[in-house]
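Numbering-wise, the sequence shown is residues 0 to 450 according to numbering that gives the first Met the number 0. For glycine and all other residues, C-beta sits at the position ideal for the given N, C-alpha and C. Right, one structure below, let's go through it.
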Amino acid sequence: MKKIFLLTMLIFSINIYAKVLQVSAGNFHVCALDDNGVQCWGYNNYGETDVPILKNPQMVSAGHFYTCAVDDNGVQCWGYNNYGQTYVPILKNPKMVSMGAFHTCALDDNGVRCWGESSKGQTNVPKLKNPRMVSAGDFHTCALDDKGVQCWGKNVEGQTMVPPLKNPQMVSAGQFHTCAVDDNGVQCWGRKRQTIVPPLNNPKMVSVGNFHTCALDDKGVQCWGGNEYGQTDVPILKNPQMVSVRGDHTCALDVEGVKCWGSDKVGQNDVPDRFRYPINLGNLHEYLYKDSAEFFQNVNEYLLPVEKDISDKLLLFSLLEIVIDEITIPSVGMSYFKNSFKDEVNELKNKVGVGSFAEINLDNRKIVLMLKLSKDALSSCHGHLIGENQRSLESAVTLLSKTIATSSALDIKLLNNSLKQYEPLFEKLAVAQRTRGRGLMIQTIVERLKN
Numbered sequence: 000m001k002k003i004f005l006l007t008m009l010i011f012s013i014n015i016y017a018k019v020l021q022v023s024a025g026n027f028h029v030c031a032l033d034d035n036g037v038q039c040w041g042y043n044n045y046g047e048t049d050v051p052i053l054k055n056p057q058m059v060s061a062g063h064f065y066t067c068a069v070d071d072n073g074v075q076c077w078g079y080n081n082y083g084q085t086y087v088p089i090l091k092n093p094k095m096v097s098m099g100a101f102h103t104c105a106l107d108d109n110g111v112r113c114w115g116e117s118s119k120g121q122t123n124v125p126k127l128k129n130p131r132m133v134s135a136g137d138f139h140t141c142a143l144d145d146k147g148v149q150c151w152g153k154n155v156e157g158q159t160m161v162p163p164l165k166n167p168q169m170v171s172a173g174q175f176h177t178c179a180v181d182d183n184g185v186q187c188w189g190r191k192r193q194t195i196v197p198p199l200n201n202p203k204m205v206s207v208g209n210f211h212t213c214a215l216d217d218k219g220v221q222c223w224g225g226n227e228y229g230q231t232d233v234p235i236l237k238n239p240q241m242v243s244v245r246g247d248h249t250c251a252l253d254v255e256g257v258k259c260w261g262s263d264k265v266g267q268n269d270v271p272d273r274f275r276y277p278i279n280l281g282n283l284h285e286y287l288y289k290d291s292a293e294f295f296q297n298v299n300e301y302l303l304p305v306e307k308d309i310s311d312k313l314l315l316f317s318l319l320e321i322v323i324d325e326i327t328i329p330s331v332g333m334s335y336f337k338n339s340f341k342d343e344v345n346e347l348k349n350k351v352g353v354g355s356f357a358e359i360n361l362d363n364r365k366i367v368l369m370l371k372l373s374k375d376a377l378s379s380c381h382g383h384l385i386g387e388n389q390r391s392l393e394s395a396v397t398l399l400s401k402t403i404a405t406s407s408a409l410d411i412k413l414l415n416n417s418l419k420q421y422e423p424l425f426e427k428l429a430v431a432q433r434t435r436g437r438g439l440m441i442q443t444i445v446e447r448l449k450n
């Protein structure tokens, strides 16, 4: 059976390019999940983007004016609640959550549970056998179990009339139509204009909105149906991993982060930098020697765009580019990452309005960041030197640690004088094959501190 990635059940593995795990498009807002938690943007009249404190969230689902997430404490919901759709009942080990217009459904150890508005019977769950996923449309609901796809609720357009399916692997319920992925591809039913599926190449997932549909196949993201707001005009995506459709807009996750298009009346396509440039250097371990990987893992915490000034980010990326340039392990992935990283640095230079690292104005915060990079680089080189050189390395790490700890009273002239004794050490690191990149970066930092 071909491998299928479920839209809302699977948390995608992090690759070296991105740390974003999931994106979920609501009717007028969007939420995304990364290593640091959940953030939402767009329409917020009902508090649907005001994310509460979550404990290790595993998935997020954006609906119609409200949002839900699954974390270690269960299902948490916030936003519009006129029908009790955010009042979560007692659940046993919930695994996923999905929202309709005004009703919510979750999958837990006891099966599928639904609550909220039920004028069309959308919360009246039928008998299911070992359900594996649930998808709440606006006023109908579908689930995937051992018998296949089962749907219930509003059926004015035939959206709950499931056709014969061959080994269905996922289902997505929209407003007036429903789609599933089975061994024959994508099958849709309900409103006729939305059920005409274009040719697809080994589709892996499908997501349904009000009047349009998108699928992820071997060629990327393909969309069809209503296009009043450009919601089916797919932009250039690099190795897309998932797609999420709701209302009249679309979002996708690729190696560069989250991209959204279509209706943007309330800023739902204005993806925060946190999710647009999520280069995660901590996951370069597959391509690096252990000591280099540890260095990138240590400095990865400095690279969160949401917490850093853009000029700080340029400073860090310009210095890390020196290290990355010296990585000689041959692989297509490494080559692609190097090029992507250079593009990122150039884009940051244009935004900040500088032509080189030397033109970046330094303040105390930036100097401390450079000292932290130097300390981490030196620490990761431990074991590559012997005798007096190793003792010199340990002494330099101690000096930098003390300087960072007392950085509020930083004396640059005194620091430069102290660093002079370690210049032979930095030179040795800059010529050794395994430490060359880190050594060159440290030398660059030391020279910059002199100016």
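Locate the beta strand (DSSP E) running through residue i, then write down its first and last residues.
i	result
Thr103	102-107
Thr397	Taken as a continuous stretch (DSSP letters only), Thr397 belongs to no beta strand (DSSP E), being part of the alpha helix (DSSP H) at 386-404.
Ala429	Taken as a continuous stretch (DSSP letters only), Ala429 belongs to no beta strand (DSSP E), being part of the alpha helix (DSSP H) at 422-430.
Met98	95-98
Leu313	Segment 309-324 is the alpha helix (DSSP H) holding Leu313; no beta strand (DSSP E) there.
Lys258	256-261
Arg245	241-245
Ala68	65-70
Asp31	Checking the sequence shown, residue 31 turns out to be Ala, not Asp. It spans 28-33 - the beta strand (DSSP E) in which Ala31 sits, taken as one unbroken run.
Ser60	58-61
Let's see if you can read the secondary structure: which residues bound the alpha helix (DSSP H) around residue i?
i	result
Gly532	Any property of residue 532 remains undetermined from this structure, which presents the chain solely from 0 to 450.
Ala376	363-379
Arg273	272-275
Ser417	411-418
Mind reading off the beta-carbon distance from residue i to residue j? Whole number of angstroms is fine, and I expect it under 8 Å.
i	j	result
Ser310	Ile359	6 Å
Leu90	Gly62	No, Leu90 and Gly62 are not in contact; Cβ-Cβ is about 17 Å, not under 8 Å.
Val180	Val161	Wrong, their Cβ atoms sit about 13 Å apart, outside the cutoff.
Asp462	Lys165	This structure cannot settle anything about residue 462, because the visible part of the chain is limited to 0 through 450.
Ser117	Asn123	7 Å
Val19	Val257	6 Å
Met132	Val96	So it is not a contact: roughly 11 Å between Cβ atoms.
Lys94	Leu106	5 Å
Asp70	Asn92	Wrong, their Cβ atoms sit about 12 Å apart, outside the cutoff.
Quick check: the Cα distance between residue i and residue j, rounded to an integer number of angstroms?
i	j	result
Lys427	Gly436	12 Å
Leu9	Trp114	The predicted model places Leu9 with a pLDDT of 31, which falls under 50 and marks its position as unreliable, so this point remains unresolved.
Asn200	Ala431	48 Å
Asp217	Glu156	31 Å
Ile366	Gly266	36 Å
Lys371	Ala357	18 Å
Cys222	Ala142	23 Å
Arg112	Gln121	11 Å
Glu346	Glu255	13 Å
Phe295	Leu315	12 Å
Glu306	Ala135	Low confidence applies to Glu306: its pLDDT is 48, below 50, so where it sits in the model is not reliable enough to give any reading.
Leu392	Phe340	29 Å
Asn363	Leu413	15 Å
Tyr228	His248	8 Å
Ala31	Val59	7 Å
Lys374	Asn35	25 Å
Gly152	Tyr79	21 Å
Val298	His102	43 Å
Asn81	Cys150	24 Å
Gln389	His383	8 Å
Asp342	Met369	22 Å
Leu409	Thr402	7 Å
Asn450	Gly386	32 Å
Pro198	Gly184	9 Å
Ser378	Lys337	24 Å
Lys203	Gly354	43 Å
Gln21	Asn415	46 Å
Glu293	Thr327	17 Å
Lys264	Gly246	12 Å
Within 8 Å of any Cβ in chain D, is that where the Cβ of residue i sits?
i	result
Ser378	This model lacks chain D altogether, as it is built from one protein chain only.
Please go through the same chain and pick out, in chain order, the residues whose beta-carbon is closer than 7 Å to the beta-carbon of residue i, but skip the five residues on each side of it.
i	result
Val244	Ala24, Ser206, Val207, Gly208, His211, Thr212, Cys213
Pro304	At Pro304 the pLDDT is 46, less than 50, meaning the model places this residue with poor confidence; the figure from the coordinates comes in the next sentence. Within the same chain, Pro304 has close Cβ partners Asp272, Arg273, Tyr276, Lys312.
Ser317	Val344, Phe356
Ser417	Leu398
Ser400	Lys374
Thr231	His211, Cys222, Trp223, Gly224
Ala429	Arg435, Gly438, Leu439, Gln442
Skipping 5 residues on each side, what residues in its chain have a beta carbon closer than 8 Å to that of residue i?
i	result
His176	Glu156, Gln158, Cys187, Trp188, Gly189, Arg190, Gln193, Thr194, Val207, Thr212
Val351	Ile309, Ser310, Leu313, Ile359
Leaving out five residues on either side along the sequence, give the residues of the same chain with a beta carbon under 6 Å from the beta carbon of residue i.
i	result
Asn14	Unreliable placement is indicated for Asn14, whose pLDDT of 39 sits below 50; the coordinate value is still reported in the next sentence. The answer is none, since no qualifying residue turns up.
Val233	Val220, Cys222
Lys237	Asp253, Val254, Glu255
Val242	Ser206, Cys213, Leu215, Val220, Ala251
Phe64	Tyr45, Glu47, Gly78, Tyr79
Val196	Val185, Cys187
*Does the region 308-322 come close enough to the region 423-442 that 3 or more CB-CB pairs lie under 8 Å?*
yes
_Count Cβ pairs between the region 42-49 and the region 27-34 that sit closer than 8 Å; are there 3 or more?_
yes
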